[in-house]
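**Student:** Quick one: the structure is below, and I'll ask about it shortly.
Chains as they are written, first to last, in the UniProt record's numbering: chain A, 1 to 571; chain B, 1 to 571.
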């Protein structure tokens, strides 16, 4: 069941749902003409279909291996990577000064989504490089930028992020890796980092590590963290890789999924590093990288969902089992109400999650192009939702994809289970989905809810107009937005953050449910009477009502939760 | 992190929530005195903790293998099986006339739950044997009963169910395996069966297959199916295994989970079989087996959830990461609101699912002991809910268990991921959860909703009384029951079954949510002011409200769903 890139879907979303035209109207993105957008989507889609998707199973069945200190990647990944680099697909949004295309993040998000559908384990490689490029563009010295950016953007070298240590996961501030000044402007980096995605591999002659570490006199916690560029091989004067920089791969993790992506434990021992950003300013630089990466991970979830959906739909259309008395019966299990319900819910959720992610990307692009604080705040608000909901949808759709397959879904040969195993990690890395929810109700509501209310104004305004032509769909969306508004009002009134945190995951899910209703409504209005209106009706009637329970949970507060003591939990 | 059998939890549920005393008051179960119940739970719990749980990881990492036509089971499974058989734990409820203990199914359900926590792959073995015993007790001739039951009940031999063929999964009526009379009262069975759980192994000297097949002149569909006992080795006159009966293991499936459970493709070629029940009466006999097995699978889901919960709680209590300003802080991640929320939701859901499963078992026991149609109808109503909700909870809890572990959850070494991989199949086999939901809204509502209304009367009656002492908890339960009542009324009024099927999965989940509220309320009333009241408050405030969205979905009907055509889904 080959992957088919949903190029038309992206075009529709750009044109009718997330208003890409408002981005390309900005001078900065003037080159992103409709023809360019079309060409990018089509060409990237073709590469995903023809070159990358065929490597997906091999990545799962032949994991990356550590052999005598060298990481060997899965069969076929080398030529897939060559095609990716050659086509310029590593960094679609990177700075043209260093060889990037300078296109909107909205386009990068679409391209990443397609690559993730084709092979999630593989897609992590360019995604990490993208984050590194972003961090260097914003925080590195001219010298570092000139040396590294062209090689990263072209795909000649790849990049990694090194945050986690055994005792420092979600709590980055607890990290211990040391950085001692060498006296020549460089630093000696020593320590162990874990969970380093694509931390080592044989696809490129060098690998560039961005490493968080502490200077000898650094303050404890996140205020004493600095960021360093530590290449695996030290670049010679001509820019080619020279001496080994003492970055050793200790081991690779044996994981539930993304077997094709080597997850390394890396040991640094007096490895030479160059400061990126100011001393003790590492967290800020890292957040540049992480915010972008969070949207990227959301797109991964959506891409995995798309792959799982296409896989399940193809199976269902082909599988004959029992009979159901329906008009225009296909004779396949798609005739059964519960199977059709699963497929429709999968498709409706993918649409909602993709619209949220692309709206986030559009806000990011507009914020960057215009410098307007409102758009930056919108992007900041939508980032945790895009990450968390996108990955939740990835897991839910992959799980339902298994269910559509029945017994075949549990047999690895079918490939349905791989989607679930692969996508599961996306709810964990780049800040767990719980961390995203905390970010949403605390930092992203530190404005007193202003960014959220502004978005809800947009939703309600659209629903009011839509009510004239599609009252049955518009009214529930408007009402859901009101319920969400009340939840936001309740949240921002809570002085004790734990009262917000207690229901934060439910709040984020409820927020996404409501936004999904809004974007489905936009789609229905854009193509009245068609498939999109029918899908919107399905979503608004059957899935949107979930927001009621979620937003009730969101407002339950911390008291009853903490009343449940650890002893109670262990009883 | 060793498994700890929740013996006190079962005792509490039996005494205060599901009224086991009403079962043991029946003469048939007079031997199930409180002391016996206590001894059974304690001894079974000890075996699970000390003998079975230690084999769980080995089953995953060293799957059963097919070597030269012989299936080799995972390391340690042989001695675990020996302990199981020796303790008489294969069939706690089996007929004492053939060596069983004759205890209530409620106790079997508790024992199965514990074995499933300890090792789900292993537990499938006795679960299948239990189903076979049940079918033989009800439908086999005296000769077959006398020959097979003692050996199955003692665990000397094991039993399997053979339904599925490549073209006949959920649609059992499509099966093609042939049964040709040999002229001596036996039949020659030929055909291929797939997904045969524990279809072959080296734990016992014989394996007894119950096989669905068609006589030469049989009607098409389910009316032309007969059931046969086909042993792997033909019993000699002294009852010991003799000649090989041409049951060949073609292959074992490579599965997402339960690696320790060999899932076989079996090839029958003129294998000798004995009819169980009348000719063409196979479906009825198989349903005896399946109904029981459905409750058993529900218990599997709950058992897996319990294992995953204990695993996650132990990890969370030990893991230090970040700080949270709470009273009586532990210093571990349990202090974080969202982690505590996950753990509380896991525990609350396990309680709800277990109460539903045990209520179903109690109804089954009372129906059997008294012959009262009301109890039989109650058991029939609760069976699909117990199966589907129990396994949904299994998946949800295992999934949240991974999330509690953060990055460690994605690394196989931790063991958290195994729970999810193992439990995933329980939502598929013994009738997918979608099939359960269809059964609930069609066959189980063919009484016009009578059994459901009777249960809701019980719920509302209890909530009315409870309102006097715990109005905050009782009122939402009463209101939820009313909303559910309205949904049942709507469902039974639908003449077109597809209108029921369209929202059947949501209906089942909503039904379970409401019942969960009822059982939590019972627990709170039984121990006011304690941990159980606090957990009930958590569930009723934060999880019960989900029923609103679910029951709205349940009543959406088929029209809008089928308006979404296969072309729409592929667009």
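Every residue, glycine too, gets a C-beta built ideally from N, C-alpha and C.
Among the candidates 549(A), 420(A) and 10(A), whose CA atom is the shortest distance from the CA of residue 256(B)?
**Tutor:** If we check each option's Cα against that of residue 256(B), 420(A) comes out closest.
**Student:** Determine the chain B residues that contact residue 317(A) at a beta-carbon separation under 9 Å, and present them in chain order.
**Tutor:** Per Cβ cutoff of 9 Å: 566, 569 and 570.
**Student:** Using the C-alpha atoms, what's the distance from residue 57(A) back to residue 115(A)?
**Tutor:** Straight-line Cα distance between these residues: approximately 14 Å.
**Student:** Three-state secondary structure (DSSP) at residue 42(B)?
**Tutor:** If DSSP states are grouped into helix, strand and coil, residue 42(B) belongs with the helices.
**Student:** Under 8 Å: do the segment 346-357 of chain A and the segment 191-208 of chain B share three or more Cβ pairs, one atom per stretch?
**Tutor:** Output reads no: the segment 191-208 of chain B does not touch the segment 346-357 of chain A.
**Student:** With a CB to CB cut of under 6 Å and the five nearest residues on each side skipped, what residues in its chain are close to residue 512(B)?
**Tutor:** Around residue 512(B): 385 and 389.
**Student:** With a threshold of 7 Å on Cβ separation, who are the neighbours of residue 200(A) within its own chain once the five nearest residues in sequence on each side are excluded?
**Tutor:** Same-chain partners within the cutoff: 71, 207, 249, 262 and 264.
**Student:** Hey, does residue 538(B) have any beta-carbon neighbour from chain A nearer than 9 Å?
**Tutor:** Judged by the 9 Å Cβ criterion, residue 538(B) is in contact with chain A.
**Student:** Between residue 342(A) and chain B, is the shortest Cβ-Cβ distance under 9 Å, so that the two count as touching?
**Tutor:** Output row for residue 342(A): interface = yes.
**Student:** Scan the segment 431-455 of chain B for residues whose Cβ lies nearer than 7 Å to a Cβ of chain A and list them as they occur along the chain.
**Tutor:** Answer in chain order: 432, 434, 437 and 438.
**Student:** Would you say residue 501(B) lies against chain A (beta-carbon separation less than 9 Å)?
**Tutor:** Yes, residue 501(B) lies at the interface with chain A (some Cβ there is under 9 Å from its Cβ).
**Student:** Leaving out five residues on either side along the sequence, give the residues of the same chain with a beta carbon under 6 Å from the beta carbon of residue 14(B).
**Tutor:** For residue 14(B), where only same-chain residues beyond five positions count, the Cβ hits under 6 Å are 20.
**Student:** Would you say residue 523(B) reaches chain C, if we count a Cβ-Cβ gap shorter than 9 Å as a contact?
**Tutor:** In summary, chain C is missing from the structure at hand, where the protein chains are A and B.
**Student:** Closer than 7 Å, Cβ to Cβ, to anything on chain A: give me those residues from the segment 244-269 of chain B, in chain order.
**Tutor:** The residues in question are 253, 254, 255 and 256.
**Student:** Given a threshold of 16 other Cβ atoms within 10 Å of its Cβ, counted over all protein chains shown, does residue 462(A) qualify as buried or as exposed?
**Tutor:** Buried, by the Cβ-count rule.
**Student:** The alpha helix (DSSP H) spanning residue 294(A) covers which residue range?
**Tutor:** 282-318 is the extent of the alpha helix (DSSP H) around residue 294(A).
**Student:** Please report the straight-line C-alpha distance between residue 612(B) and residue 269(B), rounded to a whole angstrom.
**Tutor:** Within the shown structure, residues of chain B are numbered from 1 to 571, placing residue 612(B) beyond reach of any answer.
**Student:** So with CB distances below 9 Å, who are the chain A contacts of residue 334(B)?
**Tutor:** Going along chain A in sequence order, the residues near residue 334(B) (Cβ under 9 Å) are 566 and 569.
**Student:** What in chain B is Cβ-close to residue 541(A), meaning under 7 Å?
**Tutor:** Under the 7 Å cutoff, chain B gives 556 and 560.
**Student:** Quick one: what's got a C-beta closer than 6 Å to residue 230(B)'s C-beta in the same chain, skipping five residues either side?
**Tutor:** Excluding sequence neighbours, residue 230(B) sits near 189, 209, 211, 271 and 273.
**Student:** Mind reading off the beta-carbon distance from residue 1(B) to residue 310(B)? Whole number of angstroms is fine, and I expect it under 8 Å.
**Tutor:** Rounded, the Cβ-Cβ distance is 7 Å, consistent with contact.
**Student:** On the three-pair Cβ rule with 8 Å, is the segment 237-245 of chain B touching the segment 292-308 of chain B?
**Tutor:** No, they do not touch.
**Student:** Where does residue 81(A) fall in DSSP's three states?
**Tutor:** Of the three classes helix, strand and coil, the one that applies to residue 81(A) here is helix, per DSSP.
**Student:** Under DSSP, the beta strand (DSSP E) around residue 243(A) begins and ends at which residues?
**Tutor:** Per DSSP, residue 243(A) belongs to the beta strand (DSSP E) from 241-244.
**Student:** With residue 162(B) as the anchor, note down where its alpha helix (DSSP H) starts and where it stops.
**Tutor:** First-last for residue 162(B): 158-162, but that is the beta strand (DSSP E), not the alpha helix (DSSP H).
**Student:** What does residue 330(B) reach in chain A if we use C-beta pairs closer than 7 Å?
**Tutor:** Near residue 330(B) (Cβ distances below 7 Å), the residues of chain A are 566.
**Student:** With DSSP as the reference, label residue 1(A) as helix, strand or coil.
**Tutor:** Three-state result, residue 1(A): coil.
**Student:** Output needed for residue 308(B): all residues of its chain with C-beta closer than 6 Å, excluding positions within five of it in sequence on either side, in chain order.
**Tutor:** Cβ neighbours of residue 308(B) beyond the five flanking positions: 397, 398, 401 and 419.
**Student:** Under 7 Å between beta-carbons, which chain A residues line up against residue 425(B)? List them in chain order, please.
**Tutor:** The answer, in chain order, is 410.
**Student:** Quick one: does residue 242(A) have its CB under 9 Å from some CB of chain B?
**Tutor:** For residue 242(A), the answer is no, since every Cβ of chain B falls outside 9 Å of its Cβ.
**Student:** Along the alpha helix (DSSP H) that carries residue 103(B), what are the first and last residues, could you check?
**Tutor:** First-last for residue 103(B): undefined, no H or E at that position.
**Student:** To the nearest angstrom, report how far apart residue 393(B) and residue 353(B) are at their CA atoms.
**Tutor:** Spanning the two alpha carbons is a distance of roughly 7 Å.
**Student:** Rounded to the nearest angstrom, how far is the Cβ of residue 124(A) from that of residue 258(A), given a contact under 8 Å?
**Tutor:** Confirmed, about 7 Å.
**Student:** So is residue 10(B) buried or exposed if we call it buried at 16+ other beta carbons inside 10 Å?
**Tutor:** So residue 10(B) counts as buried.
**Student:** Quick check: what's the CA-CA separation for residue 73(A) versus residue 54(A)?
**Tutor:** C-alpha separation (whole angstroms): 15 Å.
**Student:** Please check if any C-beta of chain A sits within less than 9 Å of the C-beta of residue 326(B).
**Tutor:** Answer yes: the Cβ-Cβ gap between residue 326(B) and chain A drops below 9 Å somewhere.
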